[in-house]
Each structure stands twice: as C-alpha cells, then as structure tokens.
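Report on one structure; see the data block that follows.
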Amino acid sequence: MSPLLLERNHVVTFSGGENSVQFDVMRTRLLQVMRANGWKRVAITSPGPGCGKSTLALNLAFSLGRQPAVSTILLEMDMRRPSLARILGLRERHHFARVLDGIEPLEQNAMRHGENLAIATQSGAERRPAELMQSPSTAAALDAIEAKYEPSVILCDLPPVFVSDDAMAVMGHMDAALIIAAAETTTVKEIDRCEREVAAQTNVIGVILNKCRYMEKDFGYDY
Ligand SMILES: Nc1ncnc2c1ncn2[C@@H]1O[C@H](COP(=O)(O)OP(=O)(O)OP(=O)(O)O)[C@@H](O)[C@H]1O
Ligand SMILES: [Mg+2]
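The opening residue of the sequence shown carries number 6 in our numbering; numbering runs sequentially from there.
In structure tokens:
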C-alpha cells in the first residue's frame, strides 16, 4: 500500500502521527461503548451517497489496528459500489461477496495489515447485491467470521440507507451503527429520517459530521 495514495484519498491514520489524533479519539470512544455493551459489529452508513463512509471506515480501521490488544476486521459491504480496494490501491482481486455467499473463506478475500487488522474487499460490483444482502448466507457468514476470528471489532462499510434496501437488509445483524453525514450536503431532515430508520434495527452510537470545511484551527483535520 502506498502511504501517498492513501493520504491523497484522505486516509490519514495509516502512518499515524498528528493527523490521526481525531480518529484515535473516536476509536477510543468507540471501543469503550462497544466493550461496555458487549458489542462487536458496527455498521458505518449514511443517508445519501458520498458522505465519506468508506474513508472513515478505513481511518478508524488503521487507527484501531495500532492498538496492540485490539483485533479488527473491516468488511466491504457495499456490493453495488464497493470502494475499499480502490481507495487502498490494492492490486490483488478479492471477492468478499463470495464469503457472504458461503463459497469461499475470508482469508482468500481479505488483506492483512500488521498483526491485528484484516480488511475484506470486493473487486467490482456484485451482480445481485440486493439478493446477497438479504440472503441467509450473509447472516451466517457474519456469524461464522465473528465465531472463527473472535475479533474485538467488526467494522462494516455499508451502502447509504436511502439509495437502496441493501443497508437496511443487514442492519438487524449489526450490534451498533455510526451514521456519517456530509456537512454541506446532508440535511438535518435526512439525518433525522436516517437515524430513525437505523435505530429501529440497531443501536445508533452517533452521527458523525464529516467534510467540515470551516473548523477552528486547533480542532483537528485540516482537509
Ligand atoms: N473528511 C473529508 N474531507 C474531504 N474529503 C473527504 C472526507 N471524507 C471523504 N472525503 C472524500 O469524499 C469522497 C467520498 O468519500 P467516500 O467514498 O469515503 O464516501 P462514501 O460515503 O463511502 O461514498 P459511497 O456512498 O459512494 O459509498 C471521496 O473522494 C473522499 O476522498
Ligand atoms: Mg463507500
């Protein structure tokens, strides 16, 4: 993986350092909530597209990956528009959809980063995303991954809630959810509606306002 490409793609926690501080704070709070409730699976979703879910998922994953006592698995679960492989610049072709389908093991469709982070990706859109997300094999695969690897956290990069049924099809299998909103494009109404729909299926940990352009200088991210 190229640190330069990652940085260009706004993945700032790969190399650690000052840029990752905000995400390290988020990581620590997330771990506290997850542990206190015995939760493992966190959905990362948003009302509409392009709010920064996949970028945030990767930033959180690398931040979690630097905690020696924590093991993390990040799963690509946007089968219509998978993007983790592209953001990471992976050359290898992985098909996490085949794991959800129950026909291939996770190890064949995930990359490892260090000792305690694995990222499952999907090269190219899956032909029948809705069917796959609703299939009992997807629920079974998530259970099997959790049982076999016993990770501390499973981050699931889901599609947006309002674009298709895909995200809501698996929301009931999640222990908790983070909702990402884009500061200048997501409306309060959309956030409200999304939060209500997600909260009907799982525990909403919080709404993260992303892509804030005008922030106090000492508040963090400068992009
Ligand atoms: N905090 C940020 N500041 C600036 N740009 C950002 C930020 N977060 C994400 N982006 C950029 O916004 C675009 C969309 O990000 P990303 O792909 O992570 O969103 P997404 O919610 O996963 O999209 P999709 O709905 O298509 O899955 C990318 O170009 C990404 O680099
Ligand atoms: Mg995405």
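C-beta: ideal position from N, C-alpha, C; glycine also.
- Proximity to His99 across Gly129, Leu122, Thr77 peaks at Gly129, based on C-alpha coordinates.
- DSSP assignment within the stretch 41-100 yields the following whole beta strand (DSSP E) runs of 3 residues or more, N-terminal first: 46-50, 77-81.
- Between the C-alpha atoms of Ile150 and Leu35 there is a straight-line separation of about 20 Å.
- For Asp162, the enclosing beta strand (DSSP E) covers residues 158-162.
- Placement of the Cβ of Asp162 at a distance of less than 8 Å from at least one heavy atom of ligand 1 is found.
- Here the distance from the Cβ of Leu11 to the nearest heavy atom of ligand 1 is not below 8 Å.
- Across the structure, Thr60 and Met82 are spaced so that their CA atoms are roughly 14 Å apart.
- Taking 9 Å as the cut-off, the Cβ atoms of Ala186 and Asn215 count as close.
- Going by DSSP, Leu214 is part of the beta strand (DSSP E) stretching over 208-215.
- The closest heavy atom of ligand 2 lies less than 8 Å from the beta carbon of Asp83.
- Residues of the same chain with a CB within less than 6 Å of the CB of Ile78, apart from the 5 flanking positions on each side, are Ala123, Pro156, Ile159 in chain order.
- Remark: the shortest separation between the CB of Lys216 and any heavy atom of ligand 2 does not fall under 8 Å.
- Secondary structure at Met179: coil, using DSSP grouped into helix, strand and coil.
- When only Cα atoms are considered, Leu10 and Val47 end up about 26 Å apart.
- Scanning Val38, Pro110, Asn64, Gln113 for the CA closest to the CA of Ala182 turns up Val38.
- Residue pairing from DSSP places Gln127 in a beta bridge opposite His100.
- Spatial neighbours of Asn114 in its own chain (CB-CB distance under 7 Å, excluding positions within 5 residues in sequence) are listed in chain order as His99, His100, Phe101, Arg103, Val104, Ala125.
- DSSP places Arg32 in the helix class (H, G or I) of the three-state scheme.
- No residue range can be given for Met6, since it is assigned to no alpha helix (DSSP H) and is classified by DSSP as neither H nor E.
- Take the alpha-carbon of Arg71 and the one of Met179: they are about 24 Å apart.
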